[in-house]
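Structure first, commentary second.
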Amino acid sequence: MSMADEPLYPIAVLIDELKNDDIQLRLNSIRRLSTIARALGEERTRKELIPFLSENNDDDDEVLLAMAEELGVFIPYVGGVEHAHVLLPPLEILCTVEETCVRDKAVESLCRIGSQMRESDLVDWFIPLVKRLAGGEWFTARVSACGLFHIAYPSAPDMLKTELRSMCSQLCQDDMPMVRRAAASNLGKFAATVESAHLKTDIMSIFEDLTQDDQDSVRLLAVEGCAALGKLLEPQDCITHILPVIVNFSQDKSWR
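Just add 1070 to the spot in the sequence shown (first one is 1) and you have my numbering.
Here is the structure:
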């Protein structure tokens, strides 16, 4: 192989191995993504490798899990935080798959990337992603959205903040119990980013709805949120809002 051909070699290997019937070969290829990206350089990684991963239709959960994990630490390989948004499309797709561990890892990677993104890029790229997932037809997308609000909210303009609080409220009333469970388990993290005035109104209203959910699994997750919310409220507000909920929970006959 000539020196001129060398930069082309890693991407060719990646494509071949990702299409291979042998799962182990595909997995090994995904786990070498950082090596391949370094060989390609930042620009080709952005323009060729990441789009290729977005179009990758692999259906093996282990491969998808490895991809979700690798992309979470990929900012240096695409040229730094100013280009971090190019990593969002493949992770958005992974947020919609059926396997829970893949979705969870994709959300974790999105949170890691989002926490490093510039404020303007969060508004232009990250918040629209959260909105798409929150309005997704499949419950898997809506479940994933619940874990991203706390990253999206602090950088949002006031109008978008209102929209995000409304979306969170809608997810807490979703028809699918899985979505309501995800909303309940992430409410504390979201609440920690919300302004005090809205915490006492919007967030506490959401919390009270969850504590009265007809699914005991949702109510249980709401119980776990009591401590997180209690730390954010003034003592008098805890007595007003949290204590009655705890008393009601203690009398809930559905606890196993």
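Cβ atoms here follow ideal geometry from the backbone N, Cα and C, with glycine treated the same way.
Taking 8 Å as the cut-off, does the region 1188-1196 touch the region 1143-1150 (at least 3 CB pairs, one atom from each stretch)?
no
Could you confirm whether any beta carbon from chain D is found closer than 8 Å to the beta carbon of V1288?
The question asks about chain D, but that chain is absent: this structure has only one protein chain.
What is the DSSP secondary structure of G1240, counted as helix, strand or coil?
For the purposes of this step, residue 1240 is taken as the residue at position 170 of the sequence shown. According to the sequence shown, residue 1240 is Gln rather than Gly. Reduced to three states, the DSSP call for Q1240 is helix.
C-alpha distance - K1201 paired with L1230, whole-angstrom precision:
If you number the sequence shown from 1, residue 1201 lands on position 131. If you number the sequence shown from 1, residue 1230 lands on position 160. Taking the straight line from one Cα to the other gives about 10 Å.
Could you pull out every unbroken alpha helix (DSSP H) segment of at least 4 residues lying fully inside the region 1195-1220, listed in chain order?
1197-1204 and 1209-1216
Under the three-state DSSP convention, the category F1277 falls into:
As a working note, residue 1277 is residue 207 in the sequence shown. Helix at F1277.
C1242 to A1253, Cα distance in whole Å?
In the sequence shown, counting from the first residue as 1, residue 1242 sits at position 172. In the sequence shown, counting from the first residue as 1, residue 1253 sits at position 183. Rounded to the nearest angstrom, the two C-alpha atoms are 6 Å apart.
Taking just the CA atoms, how far does I1273 sit from Q1094?
For the purposes of this step, residue 1094 is taken as the residue at position 24 of the sequence shown. For the purposes of this step, residue 1273 is taken as the residue at position 203 of the sequence shown. Looking at the two C-alpha atoms, the distance is approximately 46 Å.
Within 10 Å of its beta-carbon, does S1190 have 16 or more other beta-carbons around it, so buried, or fewer, so exposed?
On the sequence shown, position 120 is the one that residue 1190 refers to. So S1190 ends up on the exposed side.
Simplified DSSP assignment, three categories, for E1169
In the sequence shown, the residue the question calls residue 1169 occupies position 99. Looking at E1169 - three-state DSSP - the assignment turns out to be coil, as it is neither helix nor strand.
Whole-angstrom C-beta distance between C1238 and F1219, which should lie under 8 Å:
The count along the sequence shown starts at 1 and reaches residue 1219 at position 149. The count along the sequence shown starts at 1 and reaches residue 1238 at position 168. Going by Cβ atoms, the distance from F1219 to C1238 rounds to 6 Å, so yes, they are a contact pair.
What do you get for N1127, buried or exposed, if any count of 16 or more other CB atoms within 10 angstroms of its CB means buried?
Residue numbering aside, residue 1127 sits at position 57 when the sequence shown is read from its first letter. Burial call: exposed.
At the level of alpha carbons, what is the spacing between L1291 and S1214?
Indexing the sequence shown from 1 puts residue 1291 at position 221. Indexing the sequence shown from 1 puts residue 1214 at position 144. Using only the alpha carbons, I get a separation of about 16 Å.
Distance between K1117 and M1071 (C-alpha atoms, nearest Å)
To locate residue 1071, count along the sequence shown from 1; it is residue 1. To locate residue 1117, count along the sequence shown from 1; it is residue 47. Any reading at M1071 must be qualified, since the residue scores a pLDDT of 41, below 50, and its modelled position is unreliable; no value is offered.
Return the residue from the list L1257, D1245, R1251 and M1248 that minimises the CA-CA distance to L1234.
Counted from its first residue, the sequence shown places residue 1234 at position 164. Among L1257, D1245, R1251 and M1248, the Cα nearest to that of L1234 is on L1257.
Segments of 4+ residues assigned as alpha helix (DSSP H) that fall wholly inside the region 1084-1147
1093-1101, 1103-1110, 1120-1125 and 1131-1141
Which value, in whole angstroms, describes the spacing of the CA atoms of D1279 and C1181?
Locating residue 1279 in the sequence shown gives position 209, where the first residue counts as 1. Locating residue 1181 in the sequence shown gives position 111, where the first residue counts as 1. So the alpha carbons of these two residues sit roughly 26 Å apart.
Can you list, in chain order, the residues of its chain whose CB lies under 8 Å from that of R1250, leaving out five sequence neighbours each side?
Within the sequence shown, the letter at position 180 stands for residue 1250. These residues qualify, in order along the chain: L1241, C1242, Q1243, D1244, L1280, D1283, Q1285 and V1288.
When we look at the beta-carbon of G1205 and count the other beta-carbons within 10 Å, is it buried (16 or more) or exposed?
Locating residue 1205 in the sequence shown gives position 135, counting from the first residue. Answer is exposed; the Cβ neighbour count stays below 16.
Could you tell me if P1121 is buried or exposed, where buried requires 16 or more neighbouring beta carbons within 10 angstroms of its beta carbon?
As a working mapping, residue 1121 is identified with position 51 in the sequence shown. Exposed is the call here.
Between G1142 and the rest of its own chain, which residues show a CB-CB distance below 7 Å, the 5 nearest in sequence each way excluded?
In the sequence shown, counting from the first residue as 1, residue 1142 sits at position 72. Same-chain partners within the cutoff: E1178, S1179, R1182 and I1183.
Roughly how many whole angstroms lie between the Cα atoms of A1176 and V1133?
Your numbering for residue 1176 matches position 106 in the sequence shown. Your numbering for residue 1133 matches position 63 in the sequence shown. Rounded to whole angstroms, A1176 to V1133 spans 13 Å at the Cα level.
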